[in-house]
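The block underneath contains the structure these notes are about, expressed in structure tokens.
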DNA sequence: ATCTATTTCTTCGCTATTGTTGAATTAATT
DNA sequence: AATTAATTCAACAATAGCGAAGAAATAGAT
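Chains as they are written, first to last, in the numbering used here: chain A, 1 to 111; chain B, 1001 to 1111.
If you want it as structure tokens, here you go:
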């Protein structure tokens, strides 16, 4: 049951998606954000699973919204990033930014 | 046995360590690099396991060096990052840099 | 010389955590 | 009852992690 002390890539991009979406951060749009930025399919199941783990670790919190008056308007579960979650995102950025500062250039790179 | 199409955090920092170490990139120093940058213990076993995965995916290559004339100077396995490996590191940086561009500031942040 | 201890480095076996998928469930509207 | 939007579930694959065993070398004693 040893829990990782840093953010994995998937967890990181989910936190970032929640931050970007603000008041519209629930399962489906979060998955869409991920797809848009990573250019590949992301199944809803994996997103919800990661969200659950992140909440367990105290990096996000969730609350059930009111059902909206549209067909299939089941109540949405909205997520927000906690202070600790934001702190870890910043920490991850700090470490990675330092690590790839002097990254060798790509051969065919267009500048 | 389906392989993931993006770099996990651990794999990413290992690639970066190999790049930084240049001609001295073998198991033990790689693990030390990781420890230095993450501020926590990293077991050799996990490093070697990740190196093996990365080589299988074609992101690094390895070659056995000559034994060195010192006590315990067993032949080392040296690693280099392939063109594809470097490409993936750049791609990961590109995506993350974009995603955390408008990151909200931390409360107690010192500017 | 050769045997044994010590050092450095790699490999192995196993467990835990994370990531993935597809199907099932819930709750609302028509 | 059918349809739609959303979440949850169950089973599985890949990644991460750890400790111990193994292999190859030198050093020191005998």
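Every residue, glycine too, gets a C-beta built ideally from N, C-alpha and C.
In this text the structure is predicted, and so the values were computed from the model without any measurement.
Check                                                                                                      : Outcome
Under 7 Å by beta carbon: chain B residues contacting residue 5(A)                                         : 1040
Inter-residue Cα distance where the pair is residue 93(A) and residue 75(A)                                : 34 Å
Secondary structure of residue 1081(B), DSSP reduced to three states                                       : strand
Within chain B, the residues that residue 57(A) reaches when beta carbons sit closer than 7 Å              : None at all; the shortest Cβ gap to chain B is about 15 Å.
Beta-carbon neighbours of residue 1104(B), restricted to chain A and to distances below 7 Å                : 19 and 86
Proximal chain B residues relative to residue 83(A), where beta-carbon distance stays under 7 Å            : 1107
Own chain, CB closer than 7 Å to residue 1058(B), minus 5 neighbours either side, in chain order           : 1082 and 1084
Whether residue 33(A) touches residue 17(A) by CB criterion (8 Å)                                          : yes
Contact with chain A by residue 1047(B), beta-carbon distance below 8 Å                                    : no
Nearest neighbour of residue 1013(B), chosen from 1054(B), 1073(B), 1065(B) and 1024(B) [CA to CA]         : 1054(B)
Pair within 8 Å by beta-carbon distance, residue 1036(B) and residue 1047(B)                               : no
Separation of residue 1005(B) from residue 1070(B), as counted between CA atoms                            : 41 Å
Under 8 Å between C-beta atoms of residue 1023(B) and residue 1044(B)                                      : no
Residue environment, residue 99(A), which counts as buried when at least 16 other CB atoms sit within 10 Å : buried
Rounded distance between the beta-carbons of residue 1009(B) and residue 8(A), thought under 8 Å           : 5 Å
Residue nearest to residue 64(A) in terms of C-alpha spacing, selected from 79(A), 51(A) and 56(A)         : 79(A)
Chain-ordered chain A contacts of residue 1009(B) [CB-CB under 7 Å]                                        : 6, 7, 8 and 9
Same chain, Cβ closer than 7 Å to residue 66(A), five either side skipped, listed in chain order           : 75
Collapsed DSSP secondary structure at residue 64(A) in the structure displayed                             : strand
Contacts of residue 16(A) in chain B (Cβ-Cβ under 9 Å)                                                     : 1096, 1099, 1100 and 1103
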